[in-house]
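*Asks:*
Number of protein chains: 2
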Amino acid sequence: MNNRIQELRQEHDWSQKDLARRLGVSRQTVNALERGRYDPSLPLAFSISKLFALAIEDIFQPES
Amino acid sequence: MNNRIQELRQEHDWSQKDLARRLGVSRQTVNALERGRYDPSLPLAFSISKLFALAIEDIFQPES
DNA sequence: CCCGTATGTAAAGCACACTTTACGTATCCT
DNA sequence: AGGATACGTAAAGTGTGCTTTACATACGGG
Chain G
1 MNNRIQELRQ
11 EHDWSQKDLA
21 RRLGVSRQTV
31 NALERGRYDP
41 SLPLAFSISK
51 LFALAIEDIF
61 QPES
Chain Z
1 MNNRIQELRQ
11 EHDWSQKDLA
21 RRLGVSRQTV
31 NALERGRYDP
41 SLPLAFSISK
51 LFALAIEDIF
61 QPES
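Respectively, the protein sequence lines represent chains G and Z. Under full-length UniProt numbering, the first residue of the first sequence carries the number 1, and numbering increases by one thereafter. Under full-length UniProt numbering, the first residue of the second sequence carries the number 1, and numbering increases by one thereafter.
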């Protein structure tokens with residue numbers, strides 16, 4: 001699962017810490033998501049989607 | 001997180017077992033999702049979304 | 001009555017999503 | 001040089017997503 005989190009975060013000039021705070025998760029979680037270490041839960045994916053005002057499908061793309 | 005899985009499955013006249021097979025998960029997983037025992041992983045949410053040809057947002061709605 | 005199908009649920013186990021604490025490196029500013 | 005900020009990562013712990021096996025109930029068709 002690829003995602004555009006880092007790209008979107010940088011467009012907003014937010015640090016990982018800033019984004020983490022806005023999402024209510026730890027900075028390490030944001031880092032892990034950006035680096036593709038794991039996928040977010042569905043609720044967290046919705047939070048990200050709402051924060052960036054984009055559809056989940058516009059932020060996350062399944063591998064194949 | 002509410003979802004319309006049962007409704008969509010029934011529209012297609014599929015048993016939980018049928019749906020599970022199409023999604024590549026166990027019947028118990030489909031049952032648990034329909035009954036709201038837990039949310040699917042993001043990859044599984046995408047599989048469901050593709051199977052029913054609907055956006056994730058049209059199948060899953062965050063509680064608040 | 002029996003059999004097959006559909007559904008709900010439980011227990012045990014594994015992998016992953018996420019946390020806190022902590023440490024390392026790089027960069028920038030004074 | 002020193003301090004602040006940003007990022008990457010590791011280890012240990014908790015809870016959840018999903019599996020397999022298994023059992024129970026209900027229904028419909030022979």
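Cβ atoms here follow ideal geometry from the backbone N, Cα and C, with glycine treated the same way. For clarity, every value in this text was computed on a predicted model and none was experimentally measured.
May I ask you to report which of helix, strand or coil DSSP gives Ser47 (chain G)?
*Replies:* Reading the first sequence from its first residue, position 47 is the one you call residue 47 (chain G). Ser47 (chain G) falls in the helix class under three-state DSSP.
*Asks:* State the beta-bridge partners of Gln6 (chain Z) as determined by DSSP.
*Replies:* Position 6 of the second sequence, counting from 1, holds the residue named residue 6 (chain Z). Paired residue(s): none; Gln6 (chain Z) is not in a bridge.
*Asks:* Of all the residues that make up the segment 35-60 of chain G, which are near chain Z by a beta-carbon distance shorter than 7 Å?
*Replies:* Of all residues in the segment 35-60 of chain G, Asp39, Pro40, Ser41, Leu42, Pro43, Ala45, Phe46, Ala55, Ile56, Glu57 and Phe60 have a Cβ within less than 7 Å of some Cβ in chain Z.
*Asks:* Kindly indicate which residue of G:Ile56, G:Leu44 and G:Gly36 has the alpha-carbon position closest to the one of Val25 (chain G).
*Replies:* The residue given as residue 25 (chain G) occupies position 25 in the first sequence. It is G:Leu44 whose Cα lies nearest to the Cα of Val25 (chain G).
*Asks:* Taking Cβ to Cβ, would you say Ile5 (chain G) is nearer than 8 Å to Glu34 (chain G)?
*Replies:* Sequence index remark: in the first sequence, residue 5 (chain G) carries index 5 (1-based). Sequence index remark: in the first sequence, residue 34 (chain G) carries index 34 (1-based). Contact flag set, yes.
*Asks:* Roughly how far, in whole angstroms, is the beta-carbon of Ala53 (chain Z) from the beta-carbon of Ala55 (chain G), given that I think they are within contact range, below 8 Å?
*Replies:* If you number the second sequence from 1, residue 53 (chain Z) lands on position 53. If you number the first sequence from 1, residue 55 (chain G) lands on position 55. No, Ala53 (chain Z) and Ala55 (chain G) are not in contact; Cβ-Cβ is about 15 Å, not under 8 Å.
*Asks:* Between the C-alpha atoms of Ile48 (chain Z) and Val30 (chain Z), what's the straight-line distance to the nearest angstrom?
*Replies:* Working through the second sequence from its first residue, we reach residue 48 (chain Z) at position 48. Working through the second sequence from its first residue, we reach residue 30 (chain Z) at position 30. Answer to the nearest angstrom: the Cα atoms are 10 Å apart.
*Asks:* Of the choices Z:Arg37, Z:Gly36, Z:Ala32 and Z:Glu57, whose alpha-carbon is the least far from that of Phe46 (chain Z)?
*Replies:* Locating residue 46 (chain Z) in the second sequence gives position 46, counting from the first residue. Minimum Cα distance to Phe46 (chain Z) is reached at Z:Glu57.
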